[in-house]
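As numbered in mature numbering (1 follows the signal peptide of the UniProt record, and there is no 0), residues -25 to -1, 1 to 708 make up the sequence shown, in order.
Some notes on the structure that comes next.
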Amino acid sequence: MLKANLNMLLPILLLSYYSVCCVKATVTYDHKAIIVDGQRRILISGSIHYPRSTPQMWPDLINKAKEGGLDVIQTYVFWNGHEPSPGNYYFEDRYDLIGFIKLVQQAGLLVHLRIGPYICAEWNFGGFPVWLKYIPGIEFRTDNEPFKAAMRTFTEKIVNMMKAEKLFQTQGGPIILSQIENELGLVEWNNGAPVKAYAEWAAQMAISLGTGVPWVMCKQDDAPDPVINTCNGFYCENFIPNKDYKPKIWTEAWTGWFTAFGGLVPNRPVEDLALSVARFIQNGGSFINYYMYHGGTNFGRTAGGPFITTSYDYDAPIDEFGLPREPKWGHLRDLHKAIKLCESALVSTDPTVTSLGRSQEAHVFASMSGGCAAFLANYDTTYSTNVTFHNMQYQLPPWSVSILPDCRTSIFNTAKIAAQSPQKKMIPVAGAFSWQSYNEQISSSSDDDNTFLTFTADGLLEQINVTRDASDYLWYMTDVTIDSNEGFLKNGQDPILTIWSAGHALHVFINGQLSGTVYGGIESPRLTFSENVKLSVGVNKISLLSIAVGLPNVGAHFEKWNAGVLGPVMLSGLNEGMRNISMQKWSYKIGLKGEALNLHTVCGSSSAKWVEGSLLAIKQPLTWYKTTFNAPEGNDPLALDMSTMGKGMVWINGQSIGRHWPGYIAHGDCAACNYAGFYDETKCLTNCGEPSQRWYHVPRSWLKASENLMVVFEEWGGDPTGISIVRRTTASV
Ligand SMILES: *[C@@H]1O[C@H](CO)[C@@H](O)[C@H](O)[C@H]1NC(C)=O
Ligand SMILES: *[C@@H]1O[C@H](CO)[C@@H](O)[C@H](O)[C@H]1NC(C)=O
Ligand SMILES: *[C@@H]1O[C@H](CO)[C@@H](O)[C@H](O)[C@H]1NC(C)=O
């Protein structure tokens, strides 16, 4: 075979590199690769979800993706952001999908559009609008006519928008691939025939839309032809598509993992991530997408879970704040350069695999036209080895792959990091704000406040059915009458109130006084409150503030999961023994008074009476705070340090920063991290004994030079005087 040196390879590379953007091109595929305008391509892609950053951040994120060696940007489409009520569409601001795709096109990159419309994504309700659940007779993601009708309408809407803007590659646009459904395989496995029929329908429906570009279904082994089944995971080197004529595509190469409130922060070492990518390519893979390349932020109430944090950093190559995460970003860039130097050999032939030792292999792509590329792998997790390949010696660190674009020169090893790793710092730039406070009303069954609707029902109602997710908060209120001859009044043994809730968090007030707080977690959203409570003779007011912390996005029939106080609610230690108060008359209020007053806006906040100075409420539950501040100078990304607060929400200039919950401390095993060996999300964890999330991203574009209004709603009782604004900067080493 002929050996080409790097200089000989370069012209071939440039030839195959000509831009396919902006010319009408065909997109097809074969067993080796996606074929764009007649050319097989090795495509490197990365997920950037447009609503998880701001339009002002998009150009820079896309540019950093391009500099990082990406060819393709992949995004989901966020149905519940686009259709807040049936037939009422929204495509502005962070939901400007067309604007986002056009920016990608302008940067000369391609797009993989994952329409879903089920998307999971740790996003509220997996991307489904909550109203969808209440369409009569609906059942999600199965052979169900109301669901299929709604899914078709939305999918068609998106495809037609793309066509109208000429965004498919066949029209001269950047979209080369689409996705229908998302990780349906497991649901199908558990539910059989109706889901299989639905999968067939979804594939046919998608194909009938005539986009001209291929569709994929991820984690769907029996994806109907010609839809390409693809792999998601930490590793996909052993994945084989269901037909020999389909290319090997990795739609989600997990760069890290999400964080939940109460959970530790996962980190995936880049040496291992690079190894997994090199192994995928050396085994004939030709399309790899990093999930996430930029994770971003779950602004507002968009986080799913429940309990997913506001940060969706994901340990991605670009961090939540839009800065390259080094050395991850730089090391992957170097990997991509090395892979691209092999592209012509990779797409022209299948690899020949030979053993170089007990845990060592060579994967060689030697093409008829003379190109040769080799990947030398050492799977041993402990020992470095020297291998002989084509009469040359190569030293391979443990758990690594070396890339030889000419079958001679090792230009990259996945475990040898050349990229710099400067430290990221959070530097306080503003604080000691002058705060004012406003006490949220502790509602009770006898409120005559008509700011917002109170209604009554016999018994306990499911929370989301009542709120339709218009607010995290629902008040459950009832009365308990205590007779003067109750024994506990004399013996001092307070009765015990026991409350079973489907989640996700609960504050219990007795006669306006906080009696306790309980909450679930990522393992189970359910919770039980069981405490002695102070009751007095006559009518006692029991007020339960039940709180949702993001709707589930995954799991068997996740759409049917309940939230709120479903009971039973019992009082024990009375003369009668146990009193079951579940079925008595309860009053309900959706949301907080401060929400009804729009306290987070300039207009709403000026309508309320706030106090300050010595009257400022500190460390008191259910308190609103407001202040104004000037934008810190410079361009560094900004965050709020919320470490002195407990749980609640923050807004700046009316925009929701998201839920804060620094009071939820992460516990577990933060053992030292060794890159070698198979990674999963239980390895290489940080933040033991610390808040799962302390810093909350404040997009620069949401600030004015001065008079920025910051409003905080605090449930637990925190000290707002400790809140500061920090800038995220890179300290050189
Ligand atoms: C591998 O080769 C290098 C020199 O090329 C040598 O220093 C090293 O000791 C060798 N390692 C092993 C395990 O043989
Ligand atoms: C939702 O509430 C309605 C009444 O408003 C009731 O008829 C229905 O059964 C409830 N559904 C669930 C799932 O609780
Ligand atoms: C309390 O009442 C509810 C509603 O009637 C019932 O489902 C539950 O079983 C009762 N619990 C006990 C312990 O009696």
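Note that the Cβ used here is the ideal one computed from N, Cα and C, for glycine as well.
Source: prediction; values computed, not measured.
#1: Bridge partners of Gly227, per DSSP?
#2: Compare the beta carbon distance of Ala540 and Leu519 with 8 Å and say whether it is the shorter of the two.
#3: Of all the options Ser459, Tyr639 and Ile73, which has the alpha carbon lying nearest to the alpha carbon of Ile283?
#4: Taking a contact to mean a Cβ-Cβ separation below 8 Å, would you say Ile9 touches Leu18 in this structure?
#5: If contacts are defined as beta-carbon pairs under 8 Å, then Gly305 and Gln395 qualify, I think. What distance do you get, rounded to the angstrom?
#6: Could you pull out every residue in the same chain whose Cβ sits closer than 7 Å to the Cβ of Arg69, ignoring the five residues on either side in sequence?
#7: Taking the CB atoms as reference points, tell me whether Met136 and Ile224 lie closer together than 8 Å.
#8: Quick check: residue 778 and Lys400, are their CB atoms within less than 8 Å of each other?
#9: Measuring only the C-alpha atoms, how far is Ile522 from Gln411?
#10: Beta-carbon separation of Leu184 and Arg116 under 8 Å?
#11: Let's test the definition: count the other Cβ atoms within 10 Å of the Cβ of Cys578 and tell me whether it reaches 16, buried, or not, exposed.
#12: For ligand 2, I want to know if Glu534 counts as a neighbour, meaning its beta carbon is within less than 7 Å of at least one of the ligand's heavy atoms.
#13: Put Tyr369 into one of helix, strand or coil per three-state DSSP.
#14: Could you check if Ser421 is buried or exposed, using at least 16 other CB atoms within 10 Å of its CB as the buried criterion?
#15: Quick check: is any heavy atom of ligand 2 less than 7 Å from the C-beta of Glu437?
#16: Which value, in whole angstroms, describes the spacing of the CA atoms of Ile133 and Tyr64?
#17: Less than 7 Å between C-beta atoms, sequence neighbours within five positions excluded: which residues of the same chain meet that for Val586?
#18: State the DSSP-derived secondary structure class of Asp444, mapped to helix, strand or coil.
#19: Do the stretch 268 to 287 and the stretch 316 to 329 make contact, defined as three or more Cβ pairs closer than 8 Å?
#20: At which residues does the beta strand (DSSP E) containing Asp433 begin and terminate?
#21: Tell me whether Tyr413 sits in a helix, a strand or coil according to DSSP, three-state version.
#22: Let me make sure I understand the geometry here. Which of Thr657, Asn628 and Asn649 has the alpha-carbon closest to that of Met679?
#23: Along the chain, where does the alpha helix (DSSP H) containing Trp33 start, and where does it finish?
#24: Quick check: the stretch 528 to 540 against the stretch 472 to 480, are there 3 or more CB pairs under 8 Å?
#25: Quick check for students: name the residue ranges of the alpha helix (DSSP H) that lie wholly in the stretch 157 to 214, counting only runs of 4 or more.
#26: Applying the criterion that 16 or more other CB atoms from any shown protein chain within 10 Å of the CB defines a buried residue, is Leu590 buried or exposed?
#27: Assuming His306 is part of the alpha helix (DSSP H), what are its boundary residues?
#28: CB Phe100 to CB Leu449, shorter than 8 Å?
#29: Helix, strand or coil for Gln595? Go by DSSP, reduced to three states.
#30: Would you call the stretch 293 to 312 and the stretch 263 to 271 touching, i.e. three or more CB-CB distances under 8 Å?
#31: Just checking Asn440 against ligand 2 - is the residue's beta carbon closer than 7 Å to any of the ligand's heavy atoms?
#32: Distance, Cα to Cα, Cys(-5) vs Val191?
#33: CA-CA distance, Ala337 and Asp355?
#34: With DSSP collapsed to three states, give me the class of Met136.
#35: What does the alpha-carbon distance come out to for the pair Leu572 and Val524?
#36: Could you tell me whether any non-hydrogen atom of ligand 3 is closer than 7 Å to the CB of Ser557?
Quick answer:
#1: Position 252 of the sequence shown, counted from the start, is the residue given in the question as residue 227. Reading off the sequence, residue 227 comes out as Glu, not Gly. Bridge partners of Glu227: Asn207.
#2: Taking the sequence shown and counting its residues from 1, the one referred to as residue 540 is at position 565. Taking the sequence shown and counting its residues from 1, the one referred to as residue 519 is at position 544. The displayed chain sequence assigns Val, not Ala, to residue 540. Yes, they are a contact pair.
#3: As a position in the sequence shown, residue 283 is number 308, starting the count at 1. Selected option, being the one with the closest Cα: Tyr639.
#4: Sequence index remark: in the sequence shown, residue 9 carries index 34 (1-based). Sequence index remark: in the sequence shown, residue 18 carries index 43 (1-based). Yes.
#5: Indexing the sequence shown from 1 puts residue 305 at position 330. Indexing the sequence shown from 1 puts residue 395 at position 420. The Cβ separation is near 7 Å, so the contact holds.
#6: Here residue 69 refers to the residue found at position 94 of the sequence shown. Around Arg69: Tyr25, Pro26, Thr29 and Pro30.
#7: Residue 136 sits at position 161 when you count from the first residue of the sequence shown. Residue 224 sits at position 249 when you count from the first residue of the sequence shown. For Met136 and Ile224, no; Cβs fall outside 8 Å.
#8: Nothing can be reported for residue 778, as the shown portion of the chain is limited to -25 through 708.
#9: The residue labelled residue 522 in the question sits at position 547 within the sequence shown. The residue labelled residue 411 in the question sits at position 436 within the sequence shown. Going by the C-alpha atoms only, they are around 25 Å apart.
#10: Your numbering for residue 184 matches position 209 in the sequence shown. Your numbering for residue 116 matches position 141 in the sequence shown. In this structure, Arg116 does not lie closer than 8 Å to Leu184 by Cβ.
#11: For the purposes of this step, residue 578 is taken as the residue at position 603 of the sequence shown. It counts as exposed.
#12: Translated into the one-based positions of the sequence shown, residue 534 becomes position 559. Not under cutoff, so the answer is no.
#13: By 1-based counting over the sequence shown, the position of residue 369 is 394. If DSSP states are grouped into helix, strand and coil, Tyr369 belongs with the strands.
#14: What you label residue 421 is simply residue 446 of the sequence shown in a count that begins at 1. Exposed: under 16 other Cβ atoms inside 10 Å.
#15: One-based indexing of the sequence shown puts residue 437 at position 462. Yes, the beta carbon of Glu437 sits closer than 7 Å to at least one heavy atom of ligand 2.
#16: Residue numbering aside, residue 133 sits at position 158 when the sequence shown is read from its first letter. Residue numbering aside, residue 64 sits at position 89 when the sequence shown is read from its first letter. In a straight line, the C-alpha of Ile133 is about 11 Å away from that of Tyr64.
#17: If you number the sequence shown from 1, residue 586 lands on position 611. Gln411 and Ser412, listed in sequence order.
#18: Translated into the one-based positions of the sequence shown, residue 444 becomes position 469. It is coil, neither helix nor strand.
#19: no
#20: Stepping through the sequence shown from its first residue, residue 433 is reached at position 458. It spans Thr429 to Asp433 - the beta strand (DSSP E) in which Asp433 sits, taken as one unbroken run.
#21: Counted from its first residue, the sequence shown places residue 413 at position 438. Of the three classes helix, strand and coil, the one that applies to Tyr413 here is strand, per DSSP.
#22: As a first step, residue 679 is located in the sequence shown; it is residue number 704 there, counting from the start. For the sequence presented, residue 679 should be read as Lys rather than Met. Checking every option, the nearest Cα to that of Lys679 belongs to Asn628.
#23: Within the sequence shown, numbered from 1, the residue matching residue 33 stands at position 58. That run of the alpha helix (DSSP H) goes Trp33 to Glu42.
#24: yes
#25: 160 to 166 and 168 to 183
#26: The residue labelled residue 590 in the question sits at position 615 within the sequence shown. That one is exposed.
#27: As a working mapping, residue 306 is identified with position 331 in the sequence shown. His306 -> alpha helix (DSSP H) spans Lys303 to Leu316.
#28: Here residue 100 refers to the residue found at position 125 of the sequence shown. Here residue 449 refers to the residue found at position 474 of the sequence shown. Going by C-beta atoms, Phe100 is not nearer than 8 Å to Leu449.
#29: Numbered from 1 along the sequence shown, position 620 holds the residue referred to as residue 595. The answer is coil: DSSP assigns Gln595 none of H, G, I, E or B.
#30: yes
#31: Numbered from 1 along the sequence shown, position 465 holds the residue referred to as residue 440. Asn440: yes, Cβ under 7 Å from ligand 2.
#32: The residue you call residue -5 lines up with position 21 of the sequence shown. The residue you call residue 191 lines up with position 216 of the sequence shown. Bear in mind that a pLDDT of 44 at Cys(-5), under 50, signals an unreliable position, so the number given afterwards is only what the model happens to contain. Each residue's alpha carbon lies about 21 Å from the other.
#33: Stepping through the sequence shown from its first residue, residue 337 is reached at position 362. Stepping through the sequence shown from its first residue, residue 355 is reached at position 380. Cα-Cα distance, rounded: 14 Å.
#34: Within the sequence shown, numbered from 1, the residue matching residue 136 stands at position 161. Correct three-state label for Met136: helix.
#35: Taking the sequence shown and counting its residues from 1, the one referred to as residue 572 is at position 597. Taking the sequence shown and counting its residues from 1, the one referred to as residue 524 is at position 549. For Leu572 and Val524, the distance between alpha carbons rounds to 22 Å.
#36: Residue mapping note: residue 557 aligns to position 582 of the sequence shown, counting from 1. Yes, the Cβ of Ser557 comes within 7 Å of a heavy atom of ligand 3.
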